[in-house]
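Protein chains in written order, with this note's numbering: chain A, 1 to 202; chain B, 1 to 202.
We treat Cβ as the ideally placed atom computed from N, Cα and C, and that holds for glycine.
Computed from a predicted model, the values in this text were never measured in an experiment.
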């Protein structure tokens, strides 16, 4: 005998589609929504139902933009330097870099990292689009801002090899000690990279 | 400058309304939905928007039931013994008890536990409805199945005092060692209760 009403069971099934959400968490979400103001649930439903139709991909940077925009504001703004391009894997990586408030260049979203085991091959990431962009905007520096993982490093090496015969300056994010972490707790690889990339004090 | 499209930022705001979901988790959910098949997102939106109108409260047990049902199937079914009532705090507690496959009585949902600090007083839980039900259905046993917390015990004591001058048998869920937990890892209070409630071996 089914214990919960059908509408509730179906909602729990749908909530379990969210990443990392199992039966218990989905039940907790559903229960909470059921006890809360229906307007909050309706608002969430409305925003979900219009999500895909409200967002598109920027044809220049491949970041997410509003449907009524032509290109990303992080590209069109006169405050951004189009001759510097940070290459990132996913649109959300842009959010992380923007939060530093230190970057004034533009972005290029690859749409993934090379990972043959997951079926993501070099031709599945937006590498050719980056090369076109470098020509079009006379890009002077490409910052490889991919994850410090095997896939991230592989992808960075691939992009580097593609750009090998151009005059563009290629840099990558520094690897080293995260701020606030004690030396004794840093893992060996991080510490090794911090040692290799040691910076001269002024 | 806003980095994300407005539709995405609004969805993240709405997702943060879910219990225990902060900015990062909401971003992860939104990102995942945006990359997935839009039909899954639409299905979730549809189920959310119809949630409140599809569900009502059973007038007998106060469990959640479908809008087109009169009373809970856990009450109307001839397989359930109406003379035994398990008193629980929330509709979801029913799910937990049903999963044991050991209970064939019916339920009464209090709709909360007494907790003056949270503004939940004895008059805010469905205690009078339980008393009416005991008379109507000639209930023989009331099982106090509230949490093993201060609020759960307080509520159980309150219900017990209300039913003190009736002939109904009052029981509560046994406190003791959880299955699979080593004695040495059990907390003192649990172990104390297990000792007090020790059961004679046959």
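is_contact[residue i, chain B] using C-beta, thresh 8 Å
i: residue 108 (chain A); result: no
i: residue 14 (chain A); result: yes
i: residue 7 (chain A); result: yes
i: residue 74 (chain A); result: yes
i: residue 41 (chain A); result: yes
i: residue 82 (chain A); result: no
i: residue 98 (chain A); result: yes
i: residue 151 (chain A); result: no
i: residue 27 (chain A); result: yes
Spatial neighbours of residue i in its chain, beta-carbon cut-off 6 Å, leaving aside the 5 residues before and after
i: residue 110 (chain B); result: 89, 125 and 126
i: residue 69 (chain A); result: none
i: residue 36 (chain B); result: none
i: residue 173 (chain A); result: 145
i: residue 185 (chain B); result: none
Coarse secondary structure for residue i, derived from DSSP in three states
i: residue 164 (chain A); result: coil
i: residue 87 (chain B); result: strand
i: residue 203 (chain B); result: Here chain B covers residues 1 to 202 and nothing more, so residue 203 (chain B) does not appear.
i: residue 125 (chain B); result: coil
i: residue 132 (chain B); result: helix
i: residue 38 (chain B); result: helix
i: residue 33 (chain A); result: helix
i: residue 26 (chain A); result: helix
i: residue 200 (chain A); result: coil
i: residue 152 (chain B); result: helix
i: residue 100 (chain B); result: coil
i: residue 7 (chain B); result: helix
i: residue 175 (chain A); result: coil
i: residue 17 (chain B); result: coil
i: residue 183 (chain A); result: helix
i: residue 110 (chain B); result: coil
i: residue 190 (chain A); result: helix
Neighbour flag for residue i against chain A, beta carbons, 8 Å
i: residue 19 (chain B); result: yes
i: residue 10 (chain B); result: yes
i: residue 34 (chain B); result: yes
i: residue 120 (chain B); result: no
i: residue 104 (chain B); result: no
i: residue 31 (chain B); result: yes
i: residue 94 (chain B); result: yes
i: residue 129 (chain B); result: no
i: residue 38 (chain B); result: yes
i: residue 3 (chain B); result: yes
i: residue 126 (chain B); result: no
i: residue 133 (chain B); result: no
Beta-carbon contacts of residue i that lie in its chain and below 8 Å, excluding the five residues immediately before and after
i: residue 133 (chain B); result: 60, 85, 108 and 139
i: residue 81 (chain A); result: 104, 105 and 106
i: residue 168 (chain B); result: 134, 139, 140, 141 and 142
i: residue 160 (chain A); result: 144 and 170
i: residue 83 (chain A); result: 105, 137, 138, 139, 140 and 141
i: residue 129 (chain A); result: 62 and 108
i: residue 191 (chain A); result: 177 and 183
i: residue 71 (chain A); result: 58, 59, 60, 61 and 65
Residues of its chain near residue i, where Cβ-Cβ distance is below 7 Å and the 5 sequence neighbours each way are ignored
i: residue 41 (chain B); result: 33
i: residue 15 (chain B); result: 21, 26, 29 and 30
i: residue 131 (chain A); result: 162
i: residue 73 (chain B); result: none
i: residue 156 (chain A); result: 144, 146 and 172
Beta carbon of residue i nearer than 8 Å to that of residue j
i: residue 45 (chain B); j: residue 45 (chain A); result: yes
i: residue 66 (chain B); j: residue 78 (chain A); result: no
i: residue 7 (chain A); j: residue 115 (chain B); result: no
i: residue 51 (chain A); j: residue 18 (chain B); result: no
i: residue 176 (chain A); j: residue 193 (chain A); result: yes
i: residue 48 (chain A); j: residue 102 (chain B); result: no
i: residue 152 (chain A); j: residue 97 (chain A); result: no
i: residue 91 (chain A); j: residue 64 (chain A); result: yes
i: residue 75 (chain A); j: residue 122 (chain A); result: no
Those residues which DSSP pairs with residue i across a bridge
i: residue 46 (chain A); result: Answer is none; residue 46 (chain A) lacks a bridge partner.
i: residue 56 (chain B); result: B:65
i: residue 115 (chain B); result: B:120
i: residue 105 (chain A); result: A:81
i: residue 141 (chain A); result: A:84 and A:169
heavy atom of the ligand ADP below 7 Å from residue i C-beta
i: residue 21 (chain B); result: This structure simply doesn't include the ligand ADP, nor any ligand for that matter.
Problem - Chain-ordered residues of the segment 44-71 of chain A with a beta carbon less than 9 Å from chain D - result: Here chain D cannot be found, since the structure's protein chains are A and B.
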